[in-house]
Structure formats: C-alpha cells, structure tokens
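Residue numbers (UniProt numbering): 1 to 303.
Accompanying notes for the structure given below.
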Amino acid sequence: MIAVDRGRYTCLVETEGRKKKRERRLVTAMKARELGRKGIVVGDRVALVGDVSGRSDTLARVVRVEPRTSMLRRSADDTEDTDGIERPIVANADQLVIVTALADPPPRPRMIDRILVAAFDAEVEPLLCLTKSDLAPPAELVSLYEPLGVPYVVVRKGGDLTEVREHLAGRVSVLVGHSGVGKSTLVNALVPDANRAVSHVNVVTGRGRHTSSSAVALELPEGGWIIDTPGVRSFGLAHVSVETVLAGFPDLIEGTVGCPKGCTHLDEGCALDAWVAAGHADPVRLASLRRLLSIREGAPEPE
C-alpha cells in the first residue's frame with residue numbers, strides 16, 4: 001500500500017510477466033465490506049481481488065491485510081479529557097526518521113521525545129535528522145540525545161545527502177516531523193520526481209503550515225522506501241505503557257526489580273535511584289528515562 005486517499009487505496013502490484021520478468025503496476029482499490037472497520041494504512045501488505053490490471057477505469061478490492069511487522073501509532077491526545085484514541089500512521093516500517101530543524105523553526109525537544117517514545121512502542125529504530133544546519137550548529141541538540149544512543153545525521157539545503165542515503169538504503173523508513181522543518185524539501189532531494197509541496201515558516205508564529213495531507217510511500221533510486229507523512233503539531237502517547245518506554249533502557253531494567261508495585265519511576269521510592277547511586281548505571285541515562293516518562297505522563301506540547 002503506497003497511498004491512501006478518501007477511501008481509495010493505491011497499491012503497487014508486482015507480478016511475473018513474459019519471460020518470467022517481474023512487472024510492476026499501480027492498482028487503485030477499495031476496501032472490501034468484509035474487512036469491516038479494520039484500518040488500512042500506507043505500508044500495509046494486502047491481498048487484492050477483482051480487476052488488478054491497473055487501468056484508470058478499474059477498481060480492485062482489498063480483501064485481506066497481511067500480518068504487520070510494526071505499526072507506528074499516535075494517540076489523538078493524552079490529556080485527561082480525551083479518549084486517547086490510537087491513530088495508526090504507517091505499517092511495516094523498520095526505521096523512524098525524526099526530522100527537526102536546528103532553526104526556523106527552532107527545535108522542539110519535547111516533540112522529539114514524544115516521537116522517540118512512539119518509536120520504542122513501534123519497535124522501529126530511530127534516526128534523528130537535523131536540517132538547516134546552515135542556520136544553527138547541531139552540538140547542543142545532539143548532546144541531548146547522545147545518552148539515548150540515538151544516531152543522527154546533519155543536513156542543509158542543497159548539501160550532500162550521502163550519509164542520509166546510507167541510512168535509508170534498503171530499508172523502509174517513515175519520516176515524521178512538525179511543519180516547516182524541511183521534510184518535504186528533503187524528500188524532494190532524495191526522490192527528485194516526488195514533487196512534494198514545500199511549506200514556509202510564518203515569521204510571526206514561527207510555525208510551518210501543513211503541506212502534505214496524507215502519507216505516501218516513495219521508492220528510493222538506490223533501493224529502499226521512504227514514507228512521507230503530514231506535518232504533526234502534537235503526538236499523543238496515551239497508548240504507550242511505562243514498560244514500553246523502559247524497554248528502550250535495557251541497562252536500567254534490572255534496577256527496577258526493587259521498585260514498589262505500580263512504580264512510575266518518577267516518584268520518591270523508585271529503586272532506580274539506589275541502583276544508579278550504587279554505580280550500576282549512568283545517572284544521565286536515568287535522567288533521560290525520566291524525561292521520556294514525564295513527556296508520556298504530561299499534556300501535549302503547546303503549539
């Protein structure tokens with residue numbers, strides 16, 4: 001599934017043609033009634049029936065969604081007065097690229113933290129992509145994520161993208177970031193015929209406007225896929241458990257054995273304090289864990 005738009009699903013179908021040569025075509029489909037309310041998202045692998053010729057006047061049907069290897073999700077919100085409904089974003093990605101600008105608009109570490117927690121939940125590898133390095137240095141932001149072991153790349157408009165391509169080659173990577181960070185500019189540079197609309201940052205609010213209305217999968221010339229997603233202004237985490245966040249810190253898990261039942265690892269009495277004080281783990285790692293847990297517990301970052 002490479003695109004979803006108002007109940008129409010664009011699928012890339014690969015078949016064996018003449019002389020056993022693999023042939024690919026785009027097929028537009030609708031969801032079969034028997035699937036009910038089951039959601040289908042970009043990245044899903046599906047089974048089709050009906051006319052799969054790909055002609056513009058035809059419509060196939062999606063009758064089955066294959067088991068997913070991963071699912072990137074966000075909640076509608078995670079404040080007390082919302083239902084915390086999960087919103088599936090992309091299926092079967094193995095890398096989540098968190099795109100953030102170093103300036104214009106300025107970085108939003110709380111948003112980065114939220115997306116990072118979502119990566120832990122989806123069990124996909126995170127990559128921090130820092131754009132607009134011609135406007136500000138990356139050192140301060142990089143230092144915030146080094147204790148988490150998050151890899152990063154630094155780019156600028158018109159700059160060399162070799163390192164980025166190396167991280168993306170042969171993988172299915174979903175690009176996520178808030179509006180105005182240069183995500184569409186990056187996509188257009190990676191896939192020249194993508195023609196993704198580019199936004200501009202409002203000089204008064206410092207925010208970008210949404211230019212992509214839906215996710216779309218694009219094949220990279222050197223192999224692999226990137227899935228571009230609409231710019232986000234919030235990333236709810238109500239669906240993510242404390243255990244999921246903790247799983248991203250294997251060096252701290254053993255220290256939670258002595259924690260009281262239901263410990264949030266944020267309050268007095270958490271056994272992790274004594275564990276770290278005894279030299280079993282780096283205090284910076286514990287501080288990073290608690291920063292992510294606090295983000296999960298708290299209200300969404302204001303726009």
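Glycine is no exception: its CB is placed at the ideal position from the N, C-alpha and C atoms.
- Query: Got a sec? Which residues, its chain only, sit under 6 Å from Pro302 by beta carbon, not counting five neighbours each side?
  - Reply: Because the pLDDT at Pro302 is just 45, under 50, the model does not fix this residue reliably, and the value given afterwards should be weighed accordingly. Within the same chain, Pro302 has no close Cβ partners at all.
- Is Glu219 helix, strand or coil when you go by DSSP? strand
- Task: Keeping to the same chain, check which residues put their C-beta closer than 6 Å to that of Trp275; ignore five residues upstream and five downstream.
- Result: Gly255
- By the 10 Å Cβ neighbour count, where 16 or more other Cβ atoms means buried, how is Lys38 classified, buried or exposed? exposed
- Return the chain-ordered list of same chain residues with a C-beta closer than 7 Å to the C-beta of Gly170, the five sequence neighbours on each side being excluded. Gly223, Gly224
- Message: For Val117, list the residues DSSP reports as bridge partners.
- Response: Val117 is not bridged to any residue.
- Task: State the beta-bridge partners of Asp5 as determined by DSSP.
- Result: Arg8
- What do you reckon, are the CB atoms on Ser75 and Gly177 nearer than 7 Å? no
- Message: Can you list, in chain order, the residues of its chain with a C-beta nearer than 7 Å to that of Asp5? Leave out the 5 residues immediately preceding and following it.
- Response: Ser214
- Rank Thr28, Ser173, Met1 by C-alpha distance to the C-alpha of Val46 and give the top, closest one. Met1
- Nearest-angstrom Cβ-Cβ length linking residue 314 and Val42, presumed shorter than 8 Å: Given that the chain is displayed from residue 1 to residue 303, the structure contains no residue 314 and the question cannot be resolved.
- Query: Residues in its own chain within less than 6 Å of Asp81 by CB, not counting five upstream and five downstream?
  - Reply: Caution is warranted here: a pLDDT of 42 is assigned to Asp81, below 50, making its placement in the model unreliable, and no coordinate value can be reported.
- Inter-residue CB distance, Leu186 and Val155 (contact presumed, cutoff 8 Å): 7 Å
- Item | Alpha-carbon to alpha-carbon, Cys129 and Ala277 | 34 Å
- Message: Just to confirm the assignment, what range does the alpha helix (DSSP H) spanning Pro283 have?
- Response: 283-297
- Message: Quick check on the burial criterion: 16 or more other C-beta atoms within 10 angstroms. Buried or exposed for residue 309?
- Response: A question about residue 309 goes unanswered here, because the residues of the chain that appear run from 1 up to 303.
- Report all residues from its chain with a CB closer than 6 Å to the CB of Asp134; omit the five preceding and five following residues, and keep chain order. Arg156
- Exposed or buried, what is Asp193 when buried is set at 16 or more other beta-carbons lying within 10 Å of its beta-carbon? exposed
- Task: Note the first and the last residue of the continuous alpha helix (DSSP H) segment covering Ile40.
- Result: From DSSP, Ile40 is part of no alpha helix (DSSP H); its letter is neither H nor E.
- Quick one: Cα of Leu48 to Cα of Val63, how far? 6 Å
- Query: Buried or exposed: which applies to Val284, given that a residue is buried once 16 or more other Cβ atoms fall within 10 Å of its Cβ?
  - Reply: Counting of Cβ neighbours within 10 angstroms places Val284 among the exposed residues, the total staying below 16.
- Residue environment, Arg8, which counts as buried when at least 16 other CB atoms sit within 10 Å: Under the 10 Å beta carbon count, Arg8 is surrounded by fewer than 16 other beta carbons and is classified as exposed.
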